[in-house]
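Read top to bottom, the protein sequences are chains A and B.
This note's numbering puts the first residue of the first sequence at 1, with every later residue one more than the last.
This note's numbering puts the first residue of the second sequence at 283, with every later residue one more than the last.
The next block holds one structure in the form of structure tokens; read it before the comments.
Number of protein chains: 2
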Amino acid sequence: MKRQPGDLLIIGGSEDKESDEEQAILRQAAKKAISEDGGHIVLLTVATMEPEQTAETYRRAFGRLGVRRMEVLDIRNREQAYDPANVEKLSGASVLFFSGGDQLRITSQMGGSPLLERIFALHQEGVAIVGTSAGAAAMSGTMLIGGPGSATTNGSNPCLSSLAMAPGLGLLKGVIVDSHFSERGRFARLMGAVAQNPHNLGIGLDEDTAVLVRNNDEEFTVLGSGGVYVIDGLGIRFTSLSDMHTQGILTVHDARVHVLARNDRFSLKGRRPLPPLSPATP
Amino acid sequence: MKRQPGDLLIIGGSEDKESDEEQAILRQAAKKAISEDGGHIVLLTVATMEPEQTAETYRRAFGRLGVRRMEVLDIRNREQAYDPANVEKLSGASVLFFSGGDQLRITSQMGGSPLLERIFALHQEGVAIVGTSAGAAAMSGTMLIGGPGSATTNGSNPCLSSLAMAPGLGLLKGVIVDSHFSERGRFARLMGAVAQNPHNLGIGLDEDTAVLVRNNDEEFTVLGSGGVYVIDGLGIRFTSLSDMHTQGILTVHDARVHVLARNDRFSLKGRRPLPPLSPATP
């Protein structure tokens with residue numbers, strides 16, 4: 001019997017690490033590790049330049065939530081991603097958690113390696129994959145990379161100048177994920193990424209906000225305290241993308257945008273918001 | 283013969299004050315004062331708590347652009363807005379320029395006063411009105427006011443918590459204007475304002491970016507280096523606005539969004555982007 005692929009939990013960064021309430025994002029992240037017999041979390045700190053500090057933060061947060069075991073896999077170079085001992089460390093994990101940092105470190109150190117192949121295989125077998133901030137951005141097939149500054153540092157051209165992209169992990173197809181969305185004013189950059197190929201849905205995640213992707217990647221549910229912004233570019237009637245006269249800002253007409261909040265559901269397959277599960281709302 | 287109302291130039295704040303190139307926003311703001319015989323600019327510093335510094339900044343900027351005369355009208359209290367001497371100071375002006383600061387100071391100190399009545403009358407007679415930042419926000423009939431923090435200071439509820447509104451000047455009907463748009467991550471708050479009454483178009487202006495409203499308020503053209511975001515809520519199929527279960531973020535489905543860049547035109551009357559004037563673009 002073929003197993004269902006594991007859940008993907010994609011977090012916009014800066015998730016609450018103190019809360020232990022039912023709706024806290026990290027509680028959802030830890031769920032599978034807590035419920036499974038001998039289940040544990042492997043924290044992948046490849047993205048960050050401060051792996052010890054990151055590990056300590058999550059060790060404390062997950063401990064508070066009742067996770068009995070968290071292992072840290074800290075890949076510093078490609079050689080380590082080829083080391084069978086490191087690949088073996090993933091065995092038996094219920095949850096693989098990619099920390100924040102620089103998404104290019106994730107793909108450049110792990111892309112094409114036996115370690116990443118093993119992660120794909122485990123996901124197919126039902127292991128949950130979680131990524132926050134850089135770990136979230138890396139989920140898509142093509143990922144946004146920050147460039148030297150975020151859109152907020154320079155009002156003069158928030159779109160094209162910060163629209164640097166690179167090949168991502170491809171754990172979730174057909175989307176472009178951006179994190180720290182409202183906090184760093186990234187609407188224009190995600191819109192620009194969508195306009196490059198409207199096949200992809202743009203998913204912008206506020207901080208302390210996540211989408212839980214289930215049912216073989218067909219739909220997601222929103223978790224956390226902020227908003228999720230879905231940019232659907234299929235209706236775009238005009239873009240200045242290939243117009244050589246354009247400098248800076250990209251003109252885009254008629255994009256469709258959904259703003260989603262906690263418990264809202266969205267069909268990735270149907271590109272539509274799904275009706276709320278609560279019978280009280282229309 | 284009835285004269286055409288004057289232009290409205292609505293600036294997203296932090297406009298370039300050093301540049302004297304043809305496309306600089308302040309050059310457009312000064313145009314009418316330079317071209318008219320004896321024309322001058324009246325700078326209204328009512329919004330700011332640093333009127334001297336603001337006046338000095340614009341005196342230097344407009345002097346560099348060739349403006350021969352700039353008067354400062356600094357209203358500190360409502361009494362001054364009733365003083366005939368102050369009303370008289372507007373006579374003969376080609377351009378009235380509202381500085382940035384706090385938009386509530388503009389409306390609370392000037393709302394309903396003879397000074398504001400005179401400004402409305404002058405606008406109808408062809409005088410150009412310019413507003414930047416707070417001066418831009420105050421242009422609409424209902425205006426967004428910042429609240430204690432902008433959306434960027436708190437990722438937990440960027441929408442409703444910062445969605446404080448107040449009656450504006452009403453110089454431009456049927457719109458809600460927000461400034462510092464990408465720089466302060468204000469997409470969710472403008473979307474929330476639009477969802478409250480989708481009759482209004484949301485117009486988000488990046489810094490150093492402006493819309494020049496012409497032809498009896500029927501259309502605008504984009505100036506400056508950033509983007510203009512038009513949120514059209516007429517297509518919204520669902521919003522959680524009146525759902526008492528909602529906390530924080532507002533769910534909105536199917537908003538239409540246009541991103542516009544320098545020289546792009548938009549029909550306010552038709553709620554549609556207009557074709558570029560350049561024959562080179564489709």
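Don't be surprised by glycine CBs; every beta carbon is placed ideally from N, CA and C.
- A direct Cα-to-Cα measurement between ALA416 of chain B and GLY202 of chain A gives close to 31 Å.
- Between SER179 of chain A and ALA138 of chain A, the beta carbon gap of about 10 Å keeps them out of contact (Cβ cut-off 8 Å).
- GLU79 of chain A carries a helical assignment under DSSP once its states are collapsed to helix, strand and coil.
- Taking a cut-off of 8 Å on C-beta distances, the region 210 to 218 of chain A touches the region 268 to 277 of chain A, as three or more cross pairs fall below it.
- For GLY456 of chain B, none of the residues of chain A pass the 9 Å Cβ criterion, the least Cβ distance being about 19 Å.
- Here TYR58 of chain A is not bridged, per DSSP, to any residue.
- Contact check for LEU290 of chain B against ILE411 of chain B passes: the beta carbons are separated by less than 8 Å.
- Nearest C-alpha to GLY486 of chain B among B:ARG496, B:ALA475 and B:ASN479: B:ALA475.
- At a C-beta separation below 9 Å, HIS481 of chain B has no neighbours in chain A, since its nearest C-beta there lies roughly 18 Å away.
- DSSP, reduced to helix, strand and coil, places PRO167 of chain A within a strand of the structure shown.
- Using beta-carbon distances, GLY382 of chain B does not count as an interface residue toward chain A, since no partner is under 8 Å.
- Rounded to the nearest angstrom, the gap between the Cα atoms of ASP490 of chain B and ARG184 of chain A is 18 Å.
- Check the Cα spacing between ARG351 of chain B and each of B:ASP365, B:THR330, B:LEU378 and B:VAL328: the tightest is with B:LEU378.
- Contact check for LEU65 of chain A and ARG27 of chain A: beta-carbon distance about 6 Å, within the 8 Å limit, so the pair qualifies.
- Residues of chain B with a Cβ closer than 9 Å to the Cβ of LEU260 of chain A are, in chain order, ILE531, THR533, VAL534 and HIS535.
- For secondary structure counted as the alpha helix (DSSP H) over 4 or more consecutive residues, the region 3 to 40 of chain A holds these complete runs in sequence order: 25 to 35.
- Contact between THR132 of chain A and SER99 of chain A is confirmed by a C-beta separation of about 7 Å, below the 8 Å threshold.
- Assignment of ARG547 of chain B by DSSP, reduced to helix, strand and coil, places it in the strand class.
- In this structure, ALA81 of chain A and ILE41 of chain A do not form a Cβ contact; the two beta carbons are roughly 19 Å apart against a cut-off of 8 Å.
- Per the DSSP secondary-structure output, ALA255 of chain A pairs in a beta bridge with B:VAL539.
- Of all residues in the region 177 to 196 of chain A, only SER182, GLU183, ARG184, GLY185, PHE187, ALA188 and MET191 place a beta-carbon less than 7 Å from a beta-carbon of chain B.
- Between VAL257 of chain A and chain B, the shortest Cβ-Cβ separation is below 8 Å.
- The closest CA to that of LEU372 of chain B, considering only B:ARG360, B:LEU451, B:ILE388 and B:LEU397, is found on B:LEU397.
- Taking 8 Å as the cut-off between beta carbons, the residues of the region 214 to 226 of chain A near chain B are SER225 and GLY226, in sequence order.
- Against chain A, the beta carbon of ASP302 of chain B has no neighbour under 8 Å; the closest one sits roughly 17 Å away.
- If you draw a 10 Å sphere on the C-beta of PRO51 of chain A, you find 16 or more other C-beta atoms in it, and that means buried.
- For THR521 of chain B, same chain residues with a beta-carbon under 7 Å away, outside a window of 5 residues either side, are ALA477, LEU532, THR533 and VAL534 in chain order.
- At a C-beta separation below 9 Å, ASP74 of chain A has no neighbours in chain B, since its nearest C-beta there lies roughly 28 Å away.
- In this structure, VAL177 of chain A and ILE10 of chain A form a Cβ contact; the two beta carbons are roughly 6 Å apart against a cut-off of 8 Å.
- For PRO5 of chain A, the closest Cβ of chain B is not nearer than 8 Å.
- Counted as a single uninterrupted DSSP element, the stretch harbouring GLU117 of chain A is not any beta strand (DSSP E) but the alpha helix (DSSP H) occupying residues 114 to 124.
- With contacts defined by Cβ atoms closer than 8 Å, LEU260 of chain A and GLN23 of chain A do not form a contacting pair.
- LYS31 of chain A sits buried, since 16 or more C-beta atoms from the chains shown fall within 10 Å of its C-beta.
- Taking C-beta separations shorter than 6 Å and ignoring five residues to either side along the sequence, the partners of ARG262 of chain A in its chain run VAL222, following chain order.
- Taken atom to atom, the span from the alpha-carbon of LEU190 of chain A to that of ASN200 of chain A is near 11 Å.
- Counting every other CB atom within 10 Å of its CB across the protein chains shown gives GLY227 of chain A a total of 16 or more, marking it as buried.
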